[in-house]
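Chains as they are written, first to last, in the numbering used here: chain A, 125 to 588; chain B, 44 to 218.
Please read the structure below before turning to the comments.
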């Protein structure tokens, strides 16, 4: 069974006074060793994520060392210097994003923690929130201080009921201890944090759709500009940051931007990344590794390799929105630049692995059905296009396709990508475009079979 | 007693969190759904009145989100993820098992009103698939035996110890 203790052993080493947690994978040679940052606490036996546990590991020290000692602009400068980039998908530098807020604006500002985590293949934020909620909360308070916000909303996906309860409980603990609320730690700063549950819409992970949803409306993305930095929640300056991004902040403040900037593949992709490995591997799960590790190492050493002895056929490096890659890309480094250069994107860090024998037409169809279901309906290219794409894909997979369908697919993709308000349009064409590029013969085989059997018939119109 | 009267304190608490009343819409709809198992038309009208919205403004919002039921569902609403990551590890088989065991397809409820089945898109548990959500709880790494036990537990006690706790995968090693 994947992920059982049999395959993984671990130990805590004392080095230079600070305990260093090292994950050791028994099947590996040589053993990968690196320090965990975000998952470090929760990997310790008996760690419950309570306030007492978190404080024992040095929790809220970053906040104590910041309030009254560092100016908000200093915190932004530190984060900018660390090179921290957004972990939600777009990878925008966090410090730069904060810097876009108007300096002289007098009214309220808002921080929204994006915990919508709805990208298929991604399940890291759930673990960060449910296992170590105070790490996220400390990051939220630090970010509020840096941007001058007194109110933060955690927009958590509606299905994660347990996660929202754990966060509510943690907020209560932090409020009682004076880390959240009026006059935080006697500094005169007020920070209120509220959990707001979404209600099951993928698009609400897009930052402007999230804001619309938080305002109690349909989650339709807004046209940008204006950007949320100037016109966000209730038309006020707003920052939207991912859970993992915020969880990094206490560590950056405590250990310094230079330390963080040296991890991973500097200068552009610094720090670690929690990669969510799923699909046909022996040990699927969340693995925190420095950015710049190769896919091969992540899949074969951390995730234990393929679950059966069939070879790897395809993988997605960054959630459902990222184009498929082939075994030829196994040595691509998992950082923003290298994955982009290979023709895909690092996205949310959801690595999905498929073994030989998986039909790529089927895989693309499954993702297309997801996008068809989740298209919000605001822009016609995406709303209508996703319907046409899914119908054409279903027809091909049901062996009722014809050769000109391939051109239709590509033509549709071309007319959706880049022609919508948000990035959903670009995301939904990625599975089809990339599978058509790398595995066109699978489409052709299905169509040839259809033509040989003379099975071409009109397909009834699909209903949403 | 009307819905707003029944949950007076909880509603006041929710309203206090937002500077703009409309933001309380989704949280209030959740309260209404918890009350009846689905959101009734009268609750929607009360909420509209409370938030100073028109009924269509409430209706347009509620119909955008998949988690609100506008019709009664079974006591246990089973939602199985069928997205690619779960499908790779056998979610279609899980759906077939449930169809066989309960005799219902997606969108249907058992005659005793105990179970409803929905097939849904990604629930953010891709590393521990195949998985399903029943009411508020996740059940992951499903096998046929596990599914049998869950259904038996739900029938007899209304809950099952096999539901997921705080998520962690792979689990830390117990030394």
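All residues carry an ideal CB built from backbone N, CA and C; glycine is no exception.
Keep in mind it's a predicted model, so treat the numbers as computed, not measured.
Name, please, each residue of chain B whose Cβ falls closer than 7 Å to the Cβ of residue 285(A). Along the first chain, one-based indexing puts residue 285(A) at 161. Those within 7 Å of residue 285(A) in chain B are 179.
Residue 142(A) by DSSP, collapsed to three states: which one? Translated into the one-based positions of the first chain, residue 142(A) becomes position 18. Confidence at residue 142(A) is low in this model, with a pLDDT of 28, below 50, so its placement is unreliable and the value that follows should be read with caution. Taken through DSSP and simplified to helix, strand or coil, residue 142(A) comes out as strand.
Relative to the C-alpha of residue 270(A), which candidate in 223(A), 246(A), 291(A) has its C-alpha closest? As a first step, residue 270(A) is located in the first chain; it is residue number 146 there, counting from the start. For the residues 223(A), 246(A), 291(A), the minimum Cα distance to residue 270(A) belongs to 223(A).
From the DSSP output, in three-state form, read off residue 563(A) for me. On the first chain, position 439 is the one that residue 563(A) refers to. In the three-state DSSP reduction, residue 563(A) falls in the coil class, being neither helix nor strand.
Step through the CB atoms of chain A and report whether any lies within less than 9 Å of the CB of residue 116(B). As a position in the second chain, residue 116(B) is number 73, starting the count at 1. Cβ-Cβ to chain A under 9 Å: no for residue 116(B).
Return yes when the Cβ of residue 484(A) is within less than 9 Å of the Cβ of residue 478(A), no when it is not. Here residue 478(A) corresponds to residue number 354 of the first chain, with the count starting at 1. Here residue 484(A) corresponds to residue number 360 of the first chain, with the count starting at 1. Yes; because the gap between Cβ atoms is below 9 Å, this pair is in contact.
Within the segment 134-184 of chain B, note down every full beta strand (DSSP E) run reaching 3 residues or more, in order along the chain. 158-163, 175-177, 180-182
Return no unless some Cβ of chain B is closer than 9 Å to the Cβ of residue 247(A). Here residue 247(A) refers to the residue found at position 123 when the first chain is read from its first residue. Cβ-Cβ to chain B under 9 Å: yes for residue 247(A).
Using the beta-carbon count (16 or more within 10 Å), is residue 249(A) buried or exposed? The count along the first chain starts at 1 and reaches residue 249(A) at position 125. By the neighbour-count rule (16 or more Cβ atoms within 10 Å), residue 249(A) is buried.
Using a Cβ-Cβ cut-off of less than 8 Å, list which residues of the segment 394-410 of chain A approach chain B; keep chain order. 400, 401, 402, 403, 404, 407, 408, 409, 410
Per-residue burial, residue 92(B) [other beta carbons within 10 Å of its own, 16 or more giving buried]: Here residue 92(B) refers to the residue found at position 49 of the second chain. So residue 92(B) ends up on the exposed side.
The segment 129-142 of chain B: positions lying closer than 7 Å to chain A by Cβ: 130, 131
From the beta carbon of residue 126(A), is the nearest beta carbon of chain B less than 9 Å away? Here the question's residue 126(A) lines up with position 2 in the first chain. Annotation note: pLDDT 38 at residue 126(A) (below 50); position unreliable, coordinate value reported separately. Yes, residue 126(A) counts as interfacial toward chain B.
Taking the alpha-carbon of residue 285(A) as reference, which of 201(B), 88(B), 208(B) has the nearest alpha-carbon? The residue you call residue 285(A) lines up with position 161 of the first chain. Ranking 201(B), 88(B), 208(B) by Cα distance to residue 285(A) puts 208(B) first.
Might you give, ordered along the chain, the residues of its own chain that have their beta carbon closer than 8 Å to the beta carbon of residue 165(B), omitting 5 neighbours on each side? Walking along the second chain from the start, residue 165(B) turns up at place 122. So the qualifying residues of the chain are 124, 126, 128, 129.
Please list, in chain order, the chain A residues whose beta carbon lies closer than 8 Å to that of residue 168(B). Numbered from its first residue, the second chain carries residue 168(B) at position 125. By Cβ distance, chain A contributes 247, 250.
Quick one: does residue 107(B) have its CB under 9 Å from some CB of chain A? Taking the first residue of the second chain as 1, we reach residue 107(B) at position 64. Cβ-Cβ to chain A under 9 Å: yes for residue 107(B).
Counting only Cβ-Cβ distances shorter than 7 Å, please list the residues of the segment 83-113 of chain B near chain A, keeping chain order. 103, 104, 107, 108, 109, 110, 111
The alpha helix (DSSP H) enclosing residue 489(A), as first and last residue numbers: Locating residue 489(A) in the first chain gives position 365, counting from the first residue. First-last of the alpha helix (DSSP H) with residue 489(A): 484-498.
Quick one: grab the DSSP three-state call for residue 348(A). Numbered from its first residue, the first chain carries residue 348(A) at position 224. Residue 348(A) falls in the coil class under three-state DSSP.
Do residue 363(A) and residue 352(A) have their C-beta atoms within less than 9 Å of each other? Here residue 363(A) refers to the residue found at position 239 when the first chain is read from its first residue. Here residue 352(A) refers to the residue found at position 228 when the first chain is read from its first residue. Yes.
Tell me the residue span of the beta strand (DSSP E) that contains residue 198(B). Position 155 of the second chain, counted from the start, is the residue given in the question as residue 198(B). Unbroken run through residue 198(B) is the alpha helix (DSSP H), 187-200; no beta strand (DSSP E).
Report all residues from its chain with a CB closer than 7 Å to the CB of residue 348(A); omit the five preceding and five following residues, and keep chain order. Residue numbering aside, residue 348(A) sits at position 224 when the first chain is read from its first letter. Correct list, in chain order: 332.
Count the C-beta pairs between the segment 263-277 of chain A and the segment 177-193 of chain B that are closer than 8 Å, then say yes if the count reaches three, no if not. No, they do not touch.
Any beta carbon of chain B sitting closer than 9 Å to that of residue 523(A)? Residue numbering aside, residue 523(A) sits at position 399 when the first chain is read from its first letter. No, residue 523(A) lies away from the interface with chain B (no Cβ there is under 9 Å from its Cβ).
For residue 146(A) and residue 163(A), I'd like the C-alpha separation in whole angstroms. On the first chain, position 22 is the one that residue 146(A) refers to. On the first chain, position 39 is the one that residue 163(A) refers to. In this prediction, residue 146(A) scores a pLDDT of 30, lower than 50, which makes its location untrustworthy; the coordinate-derived value is nonetheless stated afterwards. Rounded to whole angstroms, residue 146(A) and residue 163(A) show a C-alpha spacing of 11 Å.
For residue 50(B), which residues in the same chain have their Cβ closer than 8 Å to its Cβ, ignoring the five residues on either side in sequence? Position 7 of the second chain, counted from the first residue, corresponds to residue 50(B). Counting only Cβ-Cβ distances below 8 Å, and skipping sequence neighbours, we find 74, 78.
Name the chain B residues whose beta carbon is nearer than 8 Å to that of residue 497(A)? Along the first chain, read from residue 1 onward, the residue named residue 497(A) stands at position 373. Result: 164.
Could you give the residue range of the beta strand (DSSP E) that holds residue 275(A)? Position 151 of the first chain, counted from the start, is the residue given in the question as residue 275(A). That run of the beta strand (DSSP E) goes 275-280.
Mind pulling the chain A residues with CB within less than 7 Å of residue 126(B)? Residue numbering aside, residue 126(B) sits at position 83 when the second chain is read from its first letter. Within 7 Å Cβ-Cβ: 244, 490, 494.
Let's test the definition: count the other Cβ atoms within 10 Å of the Cβ of residue 62(B) and tell me whether it reaches 16, buried, or not, exposed. The sequence position of residue 62(B) within the second chain is 19, counting from 1. So residue 62(B) ends up on the exposed side.
For residue 375(A), which three-state DSSP category applies? Taking the first chain and counting its residues from 1, the one referred to as residue 375(A) is at position 251. Note: residue 375(A) maps to helix in three-state DSSP.
Comparing the C-beta of residue 435(A) with each C-beta of chain B, is any distance below 9 Å? Start at 1 with the first residue of the first chain, and residue 435(A) comes out as number 311. Judged by the 9 Å Cβ criterion, residue 435(A) is not in contact with chain B.
Which partner residues does residue 63(B) have in the DSSP bridge list? Against the second chain, residue 63(B) aligns to sequence position 20. In the DSSP output, where bridge partners are listed per residue, residue 63(B) has none listed.
Can you give me the C-alpha to C-alpha distance between residue 157(B) and residue 117(B), rounded to a whole angstrom? Taking the second chain and counting its residues from 1, the one referred to as residue 157(B) is at position 114. Taking the second chain and counting its residues from 1, the one referred to as residue 117(B) is at position 74. Residue 157(B) and residue 117(B) have their alpha carbons spaced roughly 5 Å apart.
Got a sec: does the ligand FMN put a non-hydrogen atom nearer than 8 Å to the Cβ of residue 385(A)? For the ligand FMN, the structure offers nothing, since it holds no ligand at all.
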